[in-house]
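To start, the structure itself, in structure tokens.
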Amino acid sequence: MTEATASRPTAGKDTPMVEIDHLNKWYGDFHVLRDINLTVSKGERIVVCGPSGSGKSTMIRCINHLEEHQQGAIAVNGIPMNNDVKRIEQIRRNVGMVFQHFNLFPHLTVLENCCLSQIWVQKKPRAEAEKTAMEYLDRVQIANQAQKYPGQLSGGQQQRVAIARALCMRPEVMLFDEPTSALDPEMIKEVLDVMIELAHEGMTMLCVTHEMGFAKTVADRVIFMDQGQIIEEAPPTEFFNNPRSERTQLFLSQILGH
Amino acid sequence: MTATTSNSTFRTEMIEARRAPDQRRGVSGWLRANLFSSPLNSVVSIVVILVIARLIWPLLEWAVIDANFIGASRDACTGAGACWAFIGARFDSIIYGFYPEGARWRVDIVFAMLAILVAWLAVPRLPQKKWVALFALVGFPIIAYFLLLGGSFGLEYVPTRAWGGLMLTLTIAVVGIVGSLPIGILLALGRRSQMPFVKAVCVIFIEFWRGVPLITVLFMASVMLPLFVPGNIEFDKLLRALVGIMLFWSAYMAEVIRSGLQAISKGQDEAGKALGLSYWHRMGLIILPQALKLVIPGIVNTFIALFKDTSLVLIIGLLDMLAIIRAGLTDTNWLGFSTEGYVFAALVYWVFCFSMSRYSQYIERRLNTGHKN
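Sequences listed follow chains A and U, in order. Heads up: the first sequence runs through residues 81 to 338, numbered per my numbering. Heads up: the second sequence runs through residues 146 to 518, numbered per my numbering.
Laid out in structure tokens, this is it:
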């Protein structure tokens, strides 16, 4: 067990935050997700890795219903997912998401980006929303850019704003969909630093990422997926030092070998 | 270490005087830089200027120098050029049509209100945009309706068949523009809807109206519609034309807006979803502001086409500005002034359309947030 895991508060550790039960999904005839079972406890940090096309993004996108599944059940914070729009929106309020391409709203300033859902979803007064937004922007160290438009920021800065924007909703779970894949190498660290800090504060996190250093530092569990299945699931030390399946060994040798 | 001025760090002799900087500002500087920068360019410039002058001069001579501007009858037309006295004599009917003279102040008030509202909304410095916009969309139409039509509050009733001229043109254009944009937005959203029924209705609606010429729509509205409704209900002819024009242009508008919606990346919608925003919030706050900004040129293009096509209402007997001018040409006191009439009509249309075009360019620059996606 790494230091990070040891220092994590253990309160409510066994409360399931995300429950995925026998999840199956098809794109037409293509079976993208095969019988996925995963339970994420409150405060747990999960890193999902695997080759491209293995269904890892699709899986975490199912958690806030950006993708629809055909079989199985998903529950977030005890709320079971169904096709009811109100139910889906209720779940989404509990789930923050950070995208590979940031997806900031280019026609709004950084501050407005962070206030939008607070004002329209949480119905907060503008002043209060701005206060919360500035708090989180300050935490990702970008408060001084609050009045700028996303187009005026670097990729790393945009991604930090995107994290702040998701945090402003005070979510119970954060989903990261390859948050550093679209960044220039020198900007990856500033985003990872924010994510590591967040992990240390006890946020429940599911990260699809190829940053193995990040996985080693903060993950409680690493999940390896291939061809729509969870192949291996283990604490990072075990996962990296002693992978059980051959497929995992091959993957690790390919990404760590150079 | 000894300090000395004879080393290479310091210069001991004066620099030679430099050539005076090129004159780049002012008229002469601009001319030199843009028209006469080389002998060949100078020759080309002079030739082009001569050709333009050759073409413009006769026009200027006709329209201004040899023209007569003031006069009450054709006896005033003594010059070799245009006789604008014709326009002057018909000016009131060009503006108001057959609207009774005693009630024209009502039209003036509506014109003035329209001008003030448009200016207020167009100039960014003026405050309280939200309330002014609300008034322009709700209060103003009601006031304009009661003022123009009359029949209540002690105002004389003026049936729409007495409406005409620029007043009618503007009424049709403003109603068409204000009506077709929101309907077009709803149709565009409907056409991209996941709900099969909504989508089918929108596709059929759009394809129907786009596939029919506007003239046919107007004929149907004025001739065929009365055949299908019970005899005792009578819709106003202008109202029927307005509805026809609005629906016709909303179909075009829908396709323009849909092209904008398709240019917005899916990630924007997903980001909105992930934040828990509802469909209408996502559309209203995230997707449409970006999509509409992208298609401002297309929207204004449609507005301009709409504005000019209002002149087609003359075929169903509504006397818009162009129809009034045409009617004036058959006035036996003023035979032979068709050129003046049409040039004047063209000029009025051009002023309105060009203003819309310029304003749209200004808006595009203003909304640019430096994001190239």
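All residues carry an ideal CB built from backbone N, CA and C; glycine is no exception. As the structure is a computational prediction, the values presented were derived from the model and not from experiment.
I want to know whether the region 456-476 of chain U touches the region 296-313 of chain U - three or more CB-CB distances under 8 Å.
The region 456-476 of chain U makes contact with the region 296-313 of chain U: 3 or more CB pairs, one atom from each, lie closer than 8 Å.
Beta-carbon proximity list for LYS228(A), same chain, < 7 Å, skipping 5 on both sides
For LYS228(A), where only same-chain residues beyond five positions count, the Cβ hits under 7 Å are THR189 and VAL190.
Local Cβ density within 10 Å of PRO230(A), reported as buried at 16 or more and exposed below that:
So PRO230(A) counts as buried.
In the region 197-214 of chain A, which residues sit with their C-beta less than 8 Å from some C-beta in chain U, listed in chain order?
Result list: SER197, TRP200 and VAL201.
Using a Cβ-Cβ cutoff of 7 Å, what residues of the region 177-188 of chain A are near chain U? List them in chain order.
Cβ contacts with chain U: MET177, PHE179, HIS181, ASN183, PHE185, PRO186 and HIS187.
Sub-8 Å separation of ILE140(A) and LEU286(A) beta-carbons
Against a cut-off of 8 Å, the Cβ pair of LEU286(A) and ILE140(A) comes out as a contact.
How far does the beta strand (DSSP E) with TRP106(A) in it extend, from its first residue to its last?
96-107 is the extent of the beta strand (DSSP E) around TRP106(A).
Can you check the region 160-210 of chain U for any alpha helix (DSSP H) of at least 4 residues that lies completely inside it and give the ranges in chain order?
Runs found: 171-179 and 184-205.
Option in SER134(A), ASP94(A), GLN198(A) and ILE310(A) with minimal Cα separation from ASP101(A):
Taking the Cα of ASP101(A) as reference, the smallest distance to any Cα among SER134(A), ASP94(A), GLN198(A) and ILE310(A) is reached at ILE310(A).
Consult DSSP for VAL274(A) and reduce its assignment to one of helix, strand or coil.
The answer is helix: DSSP assigns VAL274(A) an H, G or I state.
Three or more beta-carbon pairs under 8 Å between the region 407-417 of chain U and the region 485-493 of chain U, yes or no?
At 8 Å Cβ cutoff, the stretches do not touch.
Start-end ranges of the beta strand (DSSP E) lying completely within the region 256-324 of chain A, minimum 3 residues
Complete beta strand (DSSP E) runs here, min 3: 284-288, 301-306 and 309-314.
Mind the definition here: the region 384-394 of chain U touches the region 289-304 of chain U only if three or more C-beta pairs lie below 8 Å; say whether that holds.
Short answer: they don't touch.
According to DSSP, is LEU480(U) helix, strand or coil?
When DSSP states are grouped into helix, strand and coil, LEU480(U) belongs to the coil group.
Bridge-paired residues (DSSP) for PHE110(A)
DSSP output for PHE110(A) lists TYR107(A) as bridge partner(s).
Collapsed DSSP secondary structure at ARG125(A) in the structure displayed
Strand at ARG125(A).
On the premise that VAL112(A) lies in contact with LYS105(A), defined as a C-beta separation below 8 Å, what is that separation, rounded to the nearest angstrom?
Confirmed, Cβ separation roughly 5 Å.
Buried versus exposed, by CB contacts within 10 Å (16 or more), GLN150(A)
Answer is exposed; the Cβ neighbour count stays below 16.
Which whole-angstrom value describes the C-beta separation of ALA318(U) and PHE489(U), a residue pair presumed to lie in contact below a C-beta threshold of 8 Å?
In this structure ALA318(U) is not in contact with PHE489(U), their Cβ atoms being roughly 18 Å apart against a cut-off of 8 Å.
So SER423(U) contacts chain A; which residues on that side make the cut at Cβ distance below 7 Å?
Under the 7 Å cutoff, chain A gives GLU169.
Just to confirm the assignment: which complete alpha helix (DSSP H) runs, minimum length 4, are found wholly within the region 178-252 of chain A?
Entirely contained in the region 178-252 of chain A, the alpha helix (DSSP H) runs reaching 4 residues are, in chain order, 190-200, 206-219 and 235-247.
Distance, Cα to Cα, ALA246(A) vs ASN174(A)?
Roughly 10 Å separates the two Cα atoms.
Residue range of the beta strand (DSSP E) that GLY152(A) falls in?
Counted as a single uninterrupted DSSP element, the beta strand (DSSP E) harbouring GLY152(A) occupies residues 151-156.
Ends of the alpha helix (DSSP H) at GLN413(U)?
If you look at GLN413(U), you'll find it in the alpha helix (DSSP H) that goes 411-419.
How long is the line joining the alpha carbons of ILE154(A) and ILE126(A), rounded to whole angstroms?
For ILE154(A) and ILE126(A), the distance between alpha carbons rounds to 17 Å.
Of the residues that make up the region 135-147 of chain A, which ones have a beta carbon closer than 9 Å to any beta carbon in chain U?
Near chain U, meaning a CB-to-CB distance below 9 Å, the residues of the region 135-147 of chain A are ARG141, ASN144, HIS145 and LEU146.
Can you pull the chain U residues whose beta carbon is under 8 Å from the beta carbon of MET97(A), in chain order?
By Cβ distance, chain U contributes nothing, its closest Cβ being about 17 Å from MET97(A), past 8 Å.
Can the beta-carbon of SER238(U) be found closer than 8 Å to that of ILE469(U)?
Closer than 8 Å, so yes.
Take the Cβ of SER173(U) as the centre, count every other Cβ of all protein chains shown within 10 Å, and call the residue buried at 16 or more, exposed below.
Counting of Cβ neighbours within 10 angstroms places SER173(U) among the exposed residues, the total staying below 16.
Between the C-alpha atoms of THR53(A) and LEU439(U), what's the straight-line distance to the nearest angstrom?
With chain A running from 81 to 338 in the structure shown, residue 53(A) is simply not present.
To which residues does DSSP link PRO254(A) through a beta bridge?
The question names Pro, but residue 254(A) is Met in the sequence shown. Looking at the DSSP assignment, MET254(A) forms a beta bridge with GLY176(A) and MET285(A).
Going by CA-CA distance only, name the one from ARG336(U), LEU372(U), PRO371(U) and LEU430(U) that's closest to SER404(U).
Comparing alpha carbon positions, the residue from ARG336(U), LEU372(U), PRO371(U) and LEU430(U) closest to SER404(U) is ARG336(U).
Using alpha carbons as the reference points, say which of TRP202(U), LEU195(U) and PHE231(U) lies closest to ASP476(U).
Ranking the options by Cα distance to ASP476(U), first place goes to PHE231(U).
Would you say PHE185(A) and GLN413(U) are within 8 Å of each other, going by their C-beta atoms?
The Cβ-Cβ distance between PHE185(A) and GLN413(U) falls below 8 Å.
Other residues of its chain near ARG88(A): CB distance less than 7 Å, five sequence neighbours each side excluded
At ARG88(A) the pLDDT is 43, less than 50, meaning the model places this residue with poor confidence and gives no usable figure here.
For ASN446(U), does the three-state DSSP call read helix, strand or coil?
Residue state, collapsed to three classes: helix.
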